[in-house]
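Residue numbers (our numbering), protein chains in the order written: chain A, 17 to 130; chain B, 20 to 129.
One structure is given below, encoded as structure tokens.
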Amino acid sequence: DAGVIQSPRHEVTEMGQEVTLRCKPISGHNSLFWYRQTMMRGLELLIYFNNNVPIDDSGMPEDRFSAKMPNASFSTLKIQPSEPRDSAVYFCASKGQGTAYEQYFGPGTRLTVT
Amino acid sequence: GIQVEQSPPDLILQEGANSTLRCNFSDSVNNLQWFHQNPWGQLINLFYIPSGTKQNGRLSATTVATERYSLLYISSSQTTDSGVYFCAVALTGANSKLTFGKGITLSVRP
Numbered sequence: 017d018a019g020v021i022q023s024p025r026h027e028v029t030e031m032g033q034e035v036t037l038r039c040k041p042i043s044g045h046n047s048l049f050w051y052r053q054t055m056m057r058g059l060e061l062l063i064y065f066n067n068n069v070p071i072d073d074s075g076m077p078e079d080r081f082s083a084k085m086p087n088a089s090f091s092t093l094k095i096q097p098s099e100p101r102d103s104a105v106y107f108c109a110s111k112g113q114g115t116a117y118e119q120y121f122g123p124g125t126r127l128t129v130t
Numbered sequence: 020g021i022q023v024e025q026s027p028p029d030l031i032l033q034e035g036a037n038s039t040l041r042c043n044f045s046d047s048v049n050n051l052q053w054f055h056q057n058p059w060g061q062l063i064n065l066f067y068i069p070s071g072t073k074q075n076g077r078l079s080a081t082t083v084a085t086e087r088y089s090l091l092y093i094s095s096s097q098t099t100d101s102g103v104y105f106c107a108v109a110l111t112g113a114n115s116k117l118t119f120g121k122g123i124t125l126s127v128r129p
């Protein structure tokens, strides 16, 4: 299995630009999670989907952030407009059915907003 | 929300030494995972261990759910064990989201 795939691995953009991060979960997994890692706040959950439906988006920082999961094998996290404080590593994770399964993380996307 | 505390925050070992990393959590959980974040930033799954004991090579983990703590043991440490070790938990119930501790930074010196 290829594991969770994220693209791009690195993104450098200027303040005000739109940024789109992509994730392909492990085949057969039905839950997908977006996390953000910063020095100040550590690893925190932004949003998660179950069977392509957003279940909890309480961690999404503000309206500039949006996430979609149009099908079971693809999800996007979009920031529009981006700001320097959005600079972080964004991880996508997936897990199988049920609450008692482990999550597997992708390699992350390192975002730098200048 | 649930609180996750890891200790010690930093650990320096000589190659070959053993260590114990601790994770305390404040509520009942149905998921507890240990991760190793390597120097390249990748989060590597070590253990899925909401209760009981597991071993994988030089690593082992024990979770005592009734007392709300988990321990990760590293034996005969190697320089490649360096990095940050995270404990993450999910509350019992329908909620699947993981709450992470702040991590333990381990440096293993040759």
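From the three backbone atoms N, C-alpha and C, an ideal C-beta is built for every residue, glycine too.
Residue 67/B: which of 21/B, 101/B, 105/B and 121/B sits nearest, CA to CA? By one-based count along the second sequence, residue 67/B stands at place 48. Checking every option, the nearest Cα to that of residue 67/B belongs to 105/B.
Ignoring anything shorter than 4 residues, give me the alpha helix (DSSP H) runs that lie fully in the region 48 to 87 of chain A, in order along the chain. none
Would you report the Cα separation of residue 84/B and residue 63/B, rounded to the nearest angstrom? Taking the second sequence and counting its residues from 1, one reaches residue 84/B at position 65. Taking the second sequence and counting its residues from 1, one reaches residue 63/B at position 44. When rounded, the distance between both Cα atoms is 23 Å.
Can you say whether residue 110/A is buried or exposed, counting buried as having 16 or more other CB atoms within 10 angstroms of its CB? Taking the first sequence and counting its residues from 1, one reaches residue 110/A at position 94. Residue 110/A should be labelled buried.
Are any of the Cβ atoms in chain B nearer than 9 Å to that of residue 27/A? On the first sequence, position 11 is the one that residue 27/A refers to. No, because no Cβ of chain B sits closer than 9 Å to the Cβ of residue 27/A.
Under 8 Å: do the region 39 to 48 of chain A and the region 22 to 32 of chain B share three or more Cβ pairs, one atom per stretch? no
Can you pull out the residues from the region 65 to 84 of chain B whose beta carbon lies closer than 8 Å to at least one beta carbon of chain A? 67 and 69
Does any CB atom of chain B fall closer than 9 Å to the CB of residue 121/A? Along the first sequence, read from residue 1 onward, the residue named residue 121/A stands at position 105. Cβ-Cβ to chain B under 9 Å: yes for residue 121/A.
Tell me the DSSP secondary structure of residue 101/A in three-state form. Position 85 of the first sequence, counting from 1, holds the residue named residue 101/A. In this structure, residue 101/A counts as helix in the three-state DSSP scheme.
Which residues in the same chain as residue 129/B place their Cβ atom closer than 8 Å to its Cβ, once the five residues preceding and following it in sequence are excluded? Position 110 of the second sequence holds residue 129/B. So the qualifying residues of the chain are 34 and 98.
Applying the criterion that 16 or more other CB atoms from any shown protein chain within 10 Å of the CB defines a buried residue, is residue 100/B buried or exposed? In the second sequence, residue 100/B corresponds to position 81, counting from 1. With 16 or more Cβ atoms within 10 Å of its Cβ, residue 100/B is classed as buried.
Please report the Cβ distance between residue 62/A and residue 75/A, rounded to the nearest whole angstrom; I am assuming they are in contact, meaning their Cβ atoms lie under 8 Å. One-based indexing of the first sequence puts residue 62/A at position 46. One-based indexing of the first sequence puts residue 75/A at position 59. That belief holds up - the Cβ atoms of residue 62/A and residue 75/A are roughly 5 Å apart, short of 8 Å.
Three-state class that DSSP yields for residue 84/B in the structure shown: As a first step, residue 84/B is located in the second sequence; it is residue number 65 there, counting from the start. Reduced to three states, the DSSP call for residue 84/B is helix.
Report the rounded CA-to-CA distance for residue 2/A versus residue 54/B, giving the unit in angstroms. No answer is possible for residue 2/A: it lies beyond the span of chain A, which begins at 17 and ends at 130.
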